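Enquirer: Protein chains in written order, with the UniProt record's numbering: chain A, 1 to 430; chain B, 1 to 756. By construction, the Cβ of each residue, glycine as well, lies at the ideal position given by its N, Cα and C atoms. Because the structure is a prediction, the values reported are computed rather than measured.
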Amino acid sequence: MCTLSRQRKGSIHELVQMILRERFCHQRLPEKPVGMESQHKHLLELLRRTAVHGESNSVLIVGPRGSGKTMLLNCVLRELLEVKDVNKNVLPVHLNGLLQTDDRIALKEITRQLNLENVVGDKVFGSFAENLAFLLEALKKGDRSSSRPVLFILDEFDLFAHHKNQTLLYNLLDVSQSAQAPVAVIGLTCRLDVLELLEKRVKSRFSHRQIHLLSSLSFIQYLDNVRSQLSLPQDFPDTKFYDEWNDSIKTLCEDQLVVDVLQSHYNSSKDFRSLQLLLMLALSRVSASKPAIKPTDLLEASRVCMVDSKANILHGLSILELCLIIAMKHLNDIYEGEPFNFQMVHNEFKKFLQRKSHSIHNFDKPVVIKAFEHLQQLELIKSMDSSTAKIQKEYQLMKLLLDHSQIMEALQKYPQCPTDVKQWAMSAFG
Amino acid sequence: MVRYFTRLRVRRIYKWGGRPYIFDRKLKSYGFDVEGQEAVTTVTPGQYILIEGNDDEYPFVAKLLKLFGDESHKQKKALVQWFLRLSEVPQNKKLLLGRSPHPQEIFYYLGRACDDEINAESILGTVHVQHVPEDTPFPEPGTKDTLYVKLSWDTKAFNVLDPVLMQDTSASTPPKPAESIHSASKLSASKILSAKRRGSAADTPGVRKKLQLSIGASECLYLRIRNYRAAAMKRRPIVRKRPIVRKRPIVRKRPWRGRPEEEIARPPSGPHTKRPARRYVWLWNLLDNTQELISDGDDDCFVPSKKELQSSSNEEKTDSEEETDSEEETVVKKTRGRNCKTSVRTPHKTPSKKVTPSTPRCATPCIPSRTVPARQPGNILEEARARLHVSSVPESLPCREQEFQDIYNFVESKVMDGTGGCMYISGVPGTGKTATIHEVIRCLQHASDMDEIPTFRFIEINGMKMTDPHQAYVQILQKLTDQKVTADHAAALLEKRFSNPAPKKETTVLLVDELDLLWTRKQNVMYNLFDWPTRRHARLVVLTIANTMDLPERIMINRVASRLGLTRMSFQPYSFKQLQQIITSRLNKVKAFEEDALQLVSRKVAALSGDARRCLDICRRATEICEHSASHPSSAGLVKMSHVMEALDEMFSSSYITAIRCASLQEQLFLRAVIAEFRRLGLEEATFQQVFVQHRTLSRVEGLQPISLSEGLAVCQRLGACRLLLLEASRLDMLQRVRLNVSQDDVLYALKPVRD
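#1: For A:P415, is the classification buried or exposed, using 16 other Cβ atoms within 10 angstroms of its Cβ as the cut-off for buried?
#2: Do we get a CB-CB distance below 9 Å when we pair A:L98 with the residues of chain B?
#3: Return the CA-CA distance between A:R191 and A:G63, expressed in angstroms with no decimal places.
#4: Counting only Cβ pairs nearer than 7 Å, list the residues of chain A close to B:L517.
#5: How close, in whole Å, do the beta carbons of A:E55 and A:P182 come, if the pair is a contact with beta carbons under 8 Å?
#6: Using the Cβ count rule (16 or more neighbours within 10 Å means buried), how would you classify B:T544?
#7: Cα separation between B:A492 and B:A120?
#8: Excluding the 5 residues preceding and the 5 following A:L139 in the sequence, name in chain order all residues of the same chain whose CB lies nearer than 6 Å to its CB.
#9: Against chain B, does A:Y170 count as a neighbour if the rule is that its beta carbon must be under 9 Å from one of theirs?
#10: Where A:V16 and A:Q276 are concerned, what is the direct C-alpha to C-alpha distance, given to the nearest angstrom?
#11: For chain A, check one thing: does any of its Cβ atoms lie closer than 9 Å to the Cβ of B:V372?
#12: Just the chain A side, please: which residues come within less than 8 Å of B:D617 by C-beta, in chain order?
#13: Nearest to B:S391 by alpha carbon, out of B:R614, B:S664, B:E117, B:K484?
#14: For the beta strand (DSSP E) holding B:E117, just list the boundary residues, first then last.
#15: Can you say whether A:I220 is buried or exposed, counting buried as having 16 or more other CB atoms within 10 angstroms of its CB?
#16: Under 9 Å Cβ-Cβ, which residues of chain A neighbour B:T623?
#17: Can you say whether A:K413 is buried or exposed, counting buried as having 16 or more other CB atoms within 10 angstroms of its CB?
#18: Please decide whether A:H42 counts as near chain B, where near means a Cβ-Cβ distance under 9 Å.
#19: For the pair the segment 209-217 of chain A and the segment 258-265 of chain A, tell me if three or more CB-CB distances fall below 8 Å.
#20: Candidates A:P339, A:E109, A:L400: which alpha carbon is nearest A:D122's?
#21: What are the boundary residues of the alpha helix (DSSP H) that A:D174 is part of?
#22: Please work out which residues of its chain come closer than 7 Å, Cβ to Cβ, to B:A546, disregarding the five sequence neighbours upstream and downstream, and give them in chain order.
#23: Helix, strand or coil: how does DSSP classify B:K66 here?
#24: Touch check for the segment 372-385 of chain B and the segment 557-573 of chain B: three-plus C-beta pairs under 8 Å?
#25: So, at 8 Å on beta carbons, what are the nonlocal neighbours of A:P237 in its own chain, with the 5 sequence-adjacent residues on each side left out?
#26: Which residues bound the alpha helix (DSSP H) around A:W245?
#27: For B:Q578, count neighbouring C-beta atoms within 10 Å of its own C-beta (all shown protein chains included) and say buried if the count is 16 or more, exposed if not.
#28: In terms of residues, what are the limits of the beta strand (DSSP E) holding B:A78?
#29: From the DSSP output, in three-state form, read off B:W519 for me.
#30: From the beta carbon of A:D308, is the nearest beta carbon of chain B less than 9 Å away?
#31: By how many angstroms is the C-alpha of A:K399 removed from the C-alpha of A:V421?
#32: Within 10 Å of its beta-carbon, does B:N409 have 16 or more other beta-carbons around it, so buried, or fewer, so exposed?
#33: Could you name each continuous alpha helix (DSSP H) segment of 4 residues or more that falls completely within the segment 456-511 of chain B, going from the start of the chain to the end?
#34: Residues of the segment 390-403 of chain B with a CB closer than 9 Å to any CB of chain A: list them in chain order, please.
#35: In this structure, does DSSP put B:N558 in helix, strand or coil?
#36: Nearest to B:V80 by alpha carbon, out of B:P45, B:E52, B:P59, B:R99?
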């Protein structure tokens, strides 16, 4: 009996994990995009007109990373494809500036996705020039009323603007401005100055429609969003657990500690993706023995999210390496951020050994060099001159990529740090 | 279709045969009734002939009406009645046919634009043309080498051909001489093939020489044998399929190429061997693999039936094969498979070639058609939107009357005179350059349909629509002749086309859009484009378009700029009145806008760029806003000022300020820190490290928990991704330099607390 119920509980928690993880990680589309109703309507209308009336259009969706550009577009496409007339009538073509890095690849991909007649299986035949001519010919043959509308979705639109002569953009936008097959060119980008990247002819052919996704989300809405993100859907099988879980989420969101954590996240960024990462980390602590998310879970997750990566690296250094870092810090103080070389650091370190050190004995120079190189590999210090080959290793100019506060914080947390090292670090000048 | 076989040089010899008689007219010209071509093909008036043209694979077809020469016997002329292949019909008129053409179909030409007097030395050979009555179907495609004529073409429409036009030949045919035994009707399949092959191997007329039979036999022979060998290999697959009747065992151990003189001495049959001329003829027979043996003189009463001809020619072929490569047999066998594929001539545009999965290069480019037809505009606003779309072709093109007239006059005069010329047109984007030229061409085409000016061809290329400047040649050639070849080859073919005189040439009007993209280091593409029109026989008018007025001076080297000439025109940006007129004429009485709203749009656009596309797009957006703002789509009224204002705002206002307002607190703080650091340094640039110190201080002042360095970097990167900040490469970490992409005032304005 007991094991049975535990198993049931376990499976319920697996179910919860599954539902919520899918929401956080697989970018499941929400029922309705939040806080972007007007943009949603605008885009839907635009694409609907392309699909139903065969009107060619071009539009840019601009917004910071994680502001929901792709989500909005996917929601609109989902909604569009639910319309009966549209369903079989549009040909979406998805391109990504990070994948299609030049026009040759992009053209092949377009041809493949459109499944034109020069595609056999998964291969596209013909040279670059032939492909371009073929595609343009195909689009030219179409007309507004009889051929299927093509939706060109260009993710990372700004990268397409770096292609040679912007041939692809010119041609797509030219088709959208002439009486050929109906197309809709939808660009997604996070660059606000994307229009300045376009060449003047290309720019003239672009319709200058921009949909900006700049969330003016208030903190209250942010909290609401967190709650709805964590809540279980209505069709959850176990109603009792559903109620319990949703109640616990509600109380969680009212907890002062949680509100503080979320506030600091909200202050840092309104990006949904980072929020989902935070919630994901909190969610992963839920198990059969811990049936709900506790405020401390969220706090811990936030600490993981916000942790300073370099301070973490510092914790793993040896005492010698730490000493070198402190020596560099002093050099930075003395010479006001001017670059230093190994010899200077070594001298500084030797001075410390002679005058103040009790716990640390002398190291051989090769050992110190090794430690120094290790720091360089960790990119805690960075060589200033580009041509490394010519100068001897000891005299290469370096800069420290650490802030004072980071060093001090790391020293505080460093396990069993010798007191004289700590004092040396805190003293004003070496 | 790309073809790469090497051009084989063939020399043809033209000689008059028969008795010359003097014209009725007082002219001192002689008429000759027979002309010998290649010593064996005999062409008589009334026969259908192939004439060397631009397309080697498809020579021109005509009926020979008369042959005559001038007093000095230097020039041999011919009077012909032209026939057209469908590929010679202008692209836009092909649809008039209303059905798919038969691959072997030709049309009786009734137009007047073509010169019907040709140089007799461009005749390649004879061909069989058969008249098919209007309502009977075309014969089975089995007889591939006969051309069929059903309709006539008078440069405007296809008409049913009056059968009388086709019949009158037999009546007026003069008495044939002995040699004319194989008239057109008796030509075997292989004969035409060989004629075609010879056509394909035809040299430029400049190289061709008249040769007397007696001279340079060995020299010619060498060439011909090579030619023959190539031909034999090409045709082998056909031969192999048929049963071979060998009548005469052949014992030859050497291939021909080596010792032509010796081989000549061996005739196929005894009586014909003695005269060198005969020998020569016999050789030609072998080369052509036809039945021409019989035309050799004595046994001219023997007229073989088609079947016999076939077998005899087969025999010839096999024989000659044996002769040529008895030693090389094995080698050839190895390569045979490939040879079959590459060299068997398949005519393009035959239906059998279309769309098989393994031959993607013949795929037809098209977008699948939709299942439900597009919906027509429902209300006034939708109607207005459809009319305002840049793609919709307006009934008339207002505001460019002067430019239109200038271009029209230019092109018209060139077409009328049959000369060539260049014109350079510049103007900022969206000022109607391409649209005006298209309008001009439309008008001219109408005029040529009305028979006011000679017919011409219009082709268009766009520098942006090709991957490489040299593709321009390929595209021009493809649009002119439907051939697909490589860039180098296309350049050579175009060069030949535009520099040589050719019969039946109409003016070509070439529009080169986005000229600056055709720039290469050597500028040879531009050079050729501007050089061709200056050739005497080119009849080419080149209209070029680019954005900058001083393009010729800036990027062209002297010899290119000089050829471009000084015929230039520049399109000024539209004034607000013109823009208003454009919108009004597009709307054409569809009442959707308030007058003031239109004026606002046009004034705003005229002040900014004068780009008509922009103007139309804004109007279109305004109609959408109007529709959305109304409670019910059908109740939406006219587009008002407010709607237009909103549309203008959307399109022209910069989004930086909104973006800063919508940024998170830390991001805003970072921007303030950037400005604070700039002020402190007195520079417009600072490293992240410096800014971060400021940021930390500021957050203490604001009473916020200072963020860690990693998080600060993330904030900085986010601002950089939006391009509110300009950043160096992120691997520099905290040493990367930061600059603002917005003015400091804008940032401060945006960060001011909004009172509401």
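Expert: Reading off the structure:
#1: The residue in question, A:P415, is exposed, as its Cβ has fewer than 16 Cβ neighbours within 10 Å.
#2: No, A:L98 lies away from the interface with chain B (no Cβ there is under 9 Å from its Cβ).
#3: Between A:R191 and A:G63, the C-alpha separation is close to 7 Å.
#4: Among the residues of chain A, those whose CB is under 7 Å from the CB of B:L517 are N165, following chain order.
#5: Rounded, the Cβ-Cβ distance is 7 Å, consistent with contact.
#6: With 16 or more Cβ atoms within 10 Å of its Cβ, B:T544 is classed as buried.
#7: So the two alpha carbons sit approximately 25 Å from each other.
#8: Result list for A:L139: V175, Q180, A181, in chain order.
#9: Contacts with chain B at 9 Å (Cβ-Cβ) include A:Y170.
#10: When the Cα atoms are used, A:V16 and A:Q276 turn out to be separated by approximately 15 Å.
#11: Any Cβ of chain A closer than 9 Å to the Cβ of B:V372 would place that residue at the interface, and such an atom is present.
#12: The answer, in chain order, is S207, H208, R209.
#13: Of the listed residues, the one whose Cα sits closest to B:S391 is B:R614.
#14: For B:E117, the uninterrupted beta strand (DSSP E) run begins and ends at 117-119, by DSSP.
#15: Counting of Cβ neighbours within 10 angstroms places A:I220 among the exposed residues, the total staying below 16.
#16: Within chain A, no residue comes near B:T623; the closest Cβ sits about 11 Å away, beyond 9 Å.
#17: Label assigned to A:K413: exposed.
#18: Chain B contact via Cβ: present.
#19: With the cut-off at 8 Å, the segment 209-217 of chain A and the segment 258-265 of chain A do not touch.
#20: The shortest C-alpha separation from A:D122 is found at A:E109.
#21: Per DSSP, A:D174 is one residue of the alpha helix (DSSP H) stretching across 167-176.
#22: Here the set comprises S426, E514, L515, D516.
#23: Here B:K66 sits in strand by DSSP.
#24: No, the segment 372-385 of chain B is not in contact with the segment 557-573 of chain B.
#25: The answer, listed in chain order, is L15.
#26: Run containing A:W245: 239-254, per the alpha helix (DSSP H) assignment.
#27: Taking a 10 Å sphere around the C-beta of B:Q578, we find 16 or more other C-beta atoms and assign the residue as buried.
#28: For B:A78, the enclosing beta strand (DSSP E) begins and ends at 76-85.
#29: Note: B:W519 maps to coil in three-state DSSP.
#30: The beta carbon of A:D308 sits closer than 9 Å to some beta carbon of chain B.
#31: In this model, A:V421 and A:K399 are separated by some 21 Å (Cα to Cα).
#32: For B:N409, the number of other beta carbons within 10 angstroms of its own is below 16, and it is reported as exposed.
#33: Runs of the alpha helix (DSSP H) inside the segment 456-511 of chain B: 471-481, 487-499.
#34: From the segment 390-403 of chain B, only V390, S391, S392, V393 have a Cβ closer than 9 Å to chain A.
#35: DSSP places B:N558 in helix when its eight states are reduced to three.
#36: B:V80 has its Cα closest to that of B:P45, out of B:P45, B:E52, B:P59, B:R99.
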